[in-house]
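Structure record follows, encoded as structure tokens.
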């Protein structure tokens, strides 16, 4: 049985250059180039636009929608007034000082200026969607709230700072340790790996080679997302490494079908997986090589600095 048949396109008129169809020409670029040169440099008269009559201003007449559900026949309802709405992308206000309370004062002043600018441009700020986050190296739990001066975040119900800040898929904590970021994506990779168990086990389903390919293609990118935030020279990332090691051990058990008491190093060797710290080192080195191939004027090179490209 023939499942796939050639689709017959309907006949259509070809684009022509003069009397010759373009698809039959030996050099289409020369034809287009000649057409452009013949049209360029010619004088044109735009006064014809001034001769167009002005359209009269017409008042909007009454409009009616269909009858509401359950209404008698012939009953109509008037149109609801419509307003065009447009949305501005999210913005970020940064303030830096030695005290968190001084930061709140600066943030409130900056927010008021932005609010007045929005009002001047007939824009609306949604105060209830405002978020607050403090970066600090202090070990205590002092995390002051912010009185924006606009409802619902006033002195009675101030804006409370968040424990973690999610931005572009990255999870920031107060001390920039990125423990929450690693925990979130390691857990996400682990649950993805758990769902893959339905695709095969030690007796049926995918082969070990296919499981390894699936793990490297689908799970590793999740686990290592944003790894450059916390993996660099001198970083304290022992806890993050342990979470990724536990995740990869679970993957090696699934790939090989071995017992749960098997040693991790042997499992990774049998599954063809390199250790986590070497995998991250390889990814970081490869990223540096890719950036090094960019031109000297590329903005990414100036942002990273020459020290990271060696």
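Residue numbers (the UniProt record's numbering): 1 to 310.
From the three backbone atoms N, C-alpha and C, an ideal C-beta is built for every residue, glycine too.
Taking the alpha carbon of residue i as the reference point, which residue from the options has its own alpha carbon closest?
i           : options            : result
residue 274 : 212, 258, 261, 240 : 212
residue 100 : 200, 194, 112, 136 : 136
residue 182 : 108, 110, 236, 89  : 236
residue 141 : 292, 174, 109, 90  : 174
residue 244 : 191, 114, 112, 105 : 191
residue 232 : 178, 265, 222      : 178
residue 169 : 208, 222, 197, 129 : 222
residue 264 : 291, 242, 282      : 242
residue 176 : 133, 90, 150       : 133
residue 269 : 95, 150, 156, 208  : 208
residue 106 : 291, 139, 149, 89  : 149
residue 217 : 115, 302, 196      : 196
residue 115 : 151, 138, 304, 139 : 151
Confirm, please, whether the CB-CB distance from residue j to residue i is below 7 Å.
i           : j           : result
residue 189 : residue 219 : yes
residue 162 : residue 126 : no
residue 215 : residue 251 : yes
residue 230 : residue 240 : yes
residue 271 : residue 256 : yes
residue 158 : residue 147 : yes
residue 322 : residue 206 : One cannot answer for residue 322 here, as it falls past the ends of the chain, which runs 1 to 310.
residue 93  : residue 120 : no
residue 180 : residue 167 : no
residue 104 : residue 97  : no
residue 145 : residue 160 : yes
What would DSSP say about residue i, mapped onto helix, strand or coil?
i           : result
residue 174 : coil
residue 164 : coil
residue 272 : coil
residue 225 : coil
residue 153 : strand
residue 300 : helix
residue 294 : coil
residue 200 : strand
residue 213 : helix
residue 234 : coil
residue 205 : strand
residue 193 : helix
residue 117 : helix
residue 146 : strand
residue 159 : strand
residue 98  : coil
Taking the beta carbon of residue i as the centre, do at least 16 other beta carbons fall within 10 Å, making it buried, or is it exposed?
i           : result
residue 123 : exposed
residue 224 : buried
residue 153 : buried
residue 267 : buried
residue 280 : buried
residue 108 : buried
residue 12  : Any reading at residue 12 is ruled out, since the residue's pLDDT is 47, under 50, leaving its predicted position unreliable.
Beta carbon of residue i: closer than 6 Å to some heavy atom of the ligand SAH?
i           : result
residue 176 : No copy of the ligand SAH appears in this structure; indeed no ligand is present at all.
Legend entry - the segment 242–251 / the segment 272–288 touching (three or more Cβ pairs under 8 Å): yes
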